[in-house]
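Down below is the structure, laid out as structure tokens.
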Amino acid sequence: MFSRLAAALTIVAAFIAPAMAADTIKVGAILAVTGPASFLGAPEARTLEMLVADINAKGGVGGKKIELIIKDSQASPEKAISFAKQLIEEEKVFAIIGPSTSGETMAIKNIAEESKTILLSCAAAEAIVNPVAKYVFKTPQKDSDAVIKIFQEMQKRKLSRVGVLSSNTGFGNAGKGQIEKLAPAYGIMILANEVYDKAATDLTAEVTKVKAANVQAIINWSIEPAQAIVIKNARQIGITAPIFQSHGFGNIQYVKAAGAAAEGVIFPAGRLLVADVLPMNHPQKAVLVKYTKDYESKYKDEASTFGGHAYDAFLILVKGIEKANSTDKEAVRTAIENLKDVVGTGGVFYFSPSDHNGLNVDAFEMLTVKNGKFVVLDQ
Amino acid sequence: MLELFFQYLVAGLTYGTIYAIVGIGFNIIYNTTGIINFAQGEFVMLGGMTAVTLYAFLPLPLAILGAVLITMAVGGLIEMVFIRWLVKPSVLRMIIITIGISILVREAALMLWGEGIRSLPYFTGNEISSLSFGGVRVSPQVLWSLGVCAIVVVLLNLFFKFTMLGREMRACAANRDAATLCGIPTRNMVTLSFVLSAGIGALAGCVVSPITQTQYAIGSGLAIKGFTVAILGGLGNSMAAVAAGFILGILESFSIWVMPTAYKDAISISLLLAMLFLRPSGLFGNREAFKLKDF
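Here the protein sequences come in this chain order: A and B. What the first sequence shows, in my numbering, is residues 1 to 379, in sequence order. What the second sequence shows, in my numbering, is residues 380 to 674, in sequence order.
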């Protein structure tokens, strides 16, 4: 009796499910909304909520509303894995935006690939798209490009003896790897190479070790608040060498946290941070000004490049669906892979089957901190 | 070389001060209840966060005072709501309750303040100022923390040894039934110990805030190190916690000199484990007295 009822229900469900799916496009998002990487996930989640509300108010994509399901992974790769399975198997989402961190993304890269689910990561590590996985894309600029940008600046300043400090996270490790790999090609010698805890409360001993190595410059590669402690401690113990940071420094709260020590820090970043001073004819000007204005007026909080990564991920997904003119996963995947000239917050994207990031070194601008504000580094 | 040695020593002192000032807080509740309050780190966080909020419209000393008072009230309230009405709770049960409280406070702080990092301004100078002693540099904030730590320890020792109230609190930990029979209001003593340790935690949170930065989740990280030094020194003894804090801090700092920094935390955790295995009464604790405790 029960089994027959169940069978009947299954058949009914099989008819209903596609009908329901046709009305909305389910988009999952795995973001570190709380926890140690909440400065990434929180603005990303807010950005997605804003964009989805916006696009649904305008009638959705191709007449279909977007249904957004945000899962808070708290930056834990284990949670990211279980949420990815839940979104794919139970919610049967069309695509997943996120995760926020590189470690989490690497943990679910294969899950997305095997289940043929489009994954648009908001994390930076190059390993996410190299080697290319068919269904995995990412929107932040590549860390290798950030390293190249820093090394070019060092060459210009004739700095070759550097000390490297990186945090013990996916982002820190990936950056450290790129620095070590690319240094010889730019004539950079790494004289100190230390890894610090992402939740460190003081790093005086670590910077002392770098000071002892007698370096001409410091590269501090992290995305967590501890990176501000490095800068403070370095200046406190009297290191005067220039400090280069990663694009993970692009959050004004780190500048506030490091206070006077942040002055003169040099780092590559997307142009969102300097949207208001970009020349009018810059291709990204309009997108950046609109996004920062919308975000800041809605949430009364300063926009960061991180929220921008979610903006770009969503934009690319929507463009992909529009270009494919269908909600067939394979068609949309192919469409995304061939998207060209998409102006986002992180840069102008040119995807190809061999490049699932679509950005190059020009997506970065060298910035510095002057009077507590981000400004373009004078060339 | 010598300059380098002293610079590492300063780094060790900085770490040690942070650990010690957090570690002290563990001892007070332990002294009256015999339990480890795992929400101690959250008191430190609450103190820092509240002070930053108050600093927006109050001068720094008043903001810190306000933060300490508010956190004390929160500490008292927590005890009254979660602990006071328990009839003869086991140590294990109370520890689990404090872990629950720590999660609760952390989540509440996330709701209240969001995920951003904040910090109080440096009490003297700013983020880059430091005092130089023959090439060895110390941030003035480290000296502030050291000073506050010293004053707190001295006052606590005087309080527990020489005041009636302090002795009554210690009597509670030694044997609560006997203390009750002697006419000591044991429940009030437990509440008082939560109030006091919340206050000290909050003060610690304010002084170290310029160094460590403050965020809703910072409590547990600080608590682990504070807990380590409280155990290392021997539970219940503030002076020992401070000494253990400096030992651990200096060990960690010099380990960085000779090893990759990634091993720093491995060292402190190994030390904690070794201590728990070999000498659970702590470096300065009394072995005989420790055996008499019932866990």
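By construction, the Cβ of each residue, glycine as well, lies at the ideal position given by its N, Cα and C atoms.
Among the residues of its own chain, which have a CB less than 8 Å from the CB of G495(B), if the five just before and after it don't count? Only Q594 meet the Cβ criterion.
CB S102(A) to CB A80(A), shorter than 9 Å? No.
Helix, strand or coil at L288(A) [DSSP, three-state]: The DSSP-derived three-state label of L288(A) is helix.
In the DSSP output, what is Q141(A) paired with across the bridge? For Q141(A), which the question treats as bridged, DSSP gives no partner whatsoever.
Output the residue ranges of the beta strand (DSSP E) runs that lie fully inside the segment 85-161 of chain A and measure 3 residues or longer, sorted by chain position. As far as the segment 85-161 of chain A is concerned, its whole beta strand (DSSP E) runs of at least 3 residues are 95-97, 118-121 and 136-138.
Proximal residues of chain A, C-beta to C-beta of D644(B) below 7 Å: In chain order, D197 make up the part of chain A whose C-beta sits under 7 Å from the C-beta of D644(B).
Report the three-state DSSP secondary structure of A653(B) (helix, strand or coil). Helix.
Assuming Q245(A) contacts Q227(A) under a Cβ cut-off of 8 Å, what Cβ separation, rounded to an integer in Å, is found between them? With 8 Å as the limit, Q245(A) and Q227(A) qualify as a contact, their Cβ atoms being about 7 Å apart.
Could you check which residue in G264(A), L288(A) and A185(A) has the C-alpha nearest to that of T368(A)? Across the set G264(A), L288(A) and A185(A), the C-alpha of G264(A) shows the shortest separation from the C-alpha of T368(A).
Among residues of its own chain, excluding the 5 on either side of Y254(A), which ones have a beta-carbon nearer than 6 Å to its beta-carbon? Take Y254(A), set aside five residues on each side of it, and the residues of its chain with a beta-carbon closer than 6 Å to its own are A228, in chain order.
Cβ closer than 7 Å: which chain A residues qualify as neighbours of W523(B)? Those do not exist, as W523(B) stays about 14 Å from chain A at its closest Cβ, beyond 7 Å.
Closest by C-alpha distance to A185(A), when choosing among L203(A), I150(A) and A200(A): That would be I150(A), whose Cα lies nearest to the Cα of A185(A).
Which word fits F606(B), buried or exposed, when buried means at least 16 other C-beta atoms lie within 10 angstroms of its C-beta? Around the beta carbon of F606(B), 16 or more other beta carbons sit within 10 angstroms, so the residue counts as buried.
Residues in the segment 422-440 of chain B having any Cβ partner in chain A nearer than 8 Å: Those would be none; no residue qualifies.
Might you give, ordered along the chain, the residues of its own chain that have their beta carbon closer than 8 Å to the beta carbon of T454(A), omitting 5 neighbours on each side? Absent from the model: residue 454(A). The displayed extent of chain A is 1 to 379, so no value can be given.
Reference I25(A), options G41(A), L48(A), M50(A) and K64(A), closest by Cα: Looking at the Cα atoms, K64(A) is the closest of the given residues.
So which residues of chain A does G600(B) contact, with C-beta pairs closer than 9 Å? The contacting residues are D197, A199, A200 and T201.
For K370(A), does the three-state DSSP call read helix, strand or coil? Residue state, collapsed to three classes: strand.
If you follow the beta strand (DSSP E) that W221(A) is in, where does it begin and where does it stop? In the DSSP assignment, W221(A) falls within the beta strand (DSSP E) that extends over A217 to W221.
Could you tell me if D282(A) is buried or exposed, where buried requires 16 or more neighbouring beta carbons within 10 angstroms of its beta carbon? For clarity, residue 282(A) is His in the given sequence; the question names Asp instead. Exposed, because fewer than 16 other Cβ atoms sit within 10 Å of the Cβ of H282(A).
Should the segment 114-121 of chain A be regarded as contacting the segment 170-183 of chain A, the criterion being three or more beta carbon pairs within less than 8 Å? By the criterion of at least three beta-carbon pairs nearer than 8 Å, the segment 114-121 of chain A is not in contact with the segment 170-183 of chain A.
Using a Cβ-Cβ cut-off of less than 7 Å, give me the residues of the segment 589-620 of chain B that come near chain A, in sequence order. Per Cβ criterion, the list reads I590, T591, Q592, Q594, A596, G600 and L601.
What in chain B is Cβ-close to S38(A), meaning under 7 Å? S38(A) reaches chain B at E494, counting residues in chain order whose Cβ is nearer than 7 Å.
Does DSSP classify M189(A) as helix, strand or coil? Strand.
Quick check on T204(A) - is its C-beta less than 9 Å from some C-beta in chain B? Taking Cβ atoms only, chain B reaches closer than 9 Å to T204(A), which makes this a yes.
Would P268(A) pass as an interface residue toward chain C - the criterion being a Cβ-Cβ separation below 9 Å? Any reference to chain C falls outside this structure, whose protein chains are A and B.
Can you say whether D312(A) is buried or exposed, counting buried as having 16 or more other CB atoms within 10 angstroms of its CB? Buried, because 16 or more other Cβ atoms sit within 10 Å of the Cβ of D312(A).
Taking the continuous beta strand (DSSP E) assigned at A583(B), which residues delimit it? It is not in any beta strand (DSSP E) - A583(B) instead sits in the alpha helix (DSSP H) that spans T565 to T591.
Give a yes or no on whether the minimum CB-CB distance between T503(B) and chain A is below 9 Å. False, the Cβ-Cβ gap to chain A never drops below 9 Å.
Buried or exposed by the 16-neighbour rule on C-beta atoms within 10 Å, applied to A390(B): It counts as buried.
Would you decide whether P383(A) is buried or exposed? Buried here means 16 or more other CB atoms lie within 10 Å of its CB. The requested residue 383(A) is not part of the displayed model; chain A covers only 1 to 379.
Please work out which residues of its chain come closer than 6 Å, Cβ to Cβ, to P659(B), disregarding the five sequence neighbours upstream and downstream, and give them in chain order. Beyond the five residues adjoining it in sequence on each side, P659(B) comes within less than 6 Å, by CB distance, of no other residue in the same chain.
For S518(B), is the classification buried or exposed, using 16 other Cβ atoms within 10 angstroms of its Cβ as the cut-off for buried? S518(B) should be labelled buried.
Against E78(A), what residues of chain B qualify as contacts under a CB-to-CB distance less than 8 Å, listed in chain order? Listed along the chain, the chain B residues whose CB falls inside 8 Å of the CB of E78(A) amount to none; the nearest CB is some 18 Å away.
Meets three-Cβ-pair contact criterion under 8 Å: the segment 498-507 of chain B and the segment 354-371 of chain A: They do not touch, by the three-pair rule.
Just mark I480(B) as buried or exposed, buried being the case when its beta carbon has 16 or more other beta carbons within 10 Å. It is buried - the Cβ of I480(B) has at least 16 other Cβ atoms within 10 Å.
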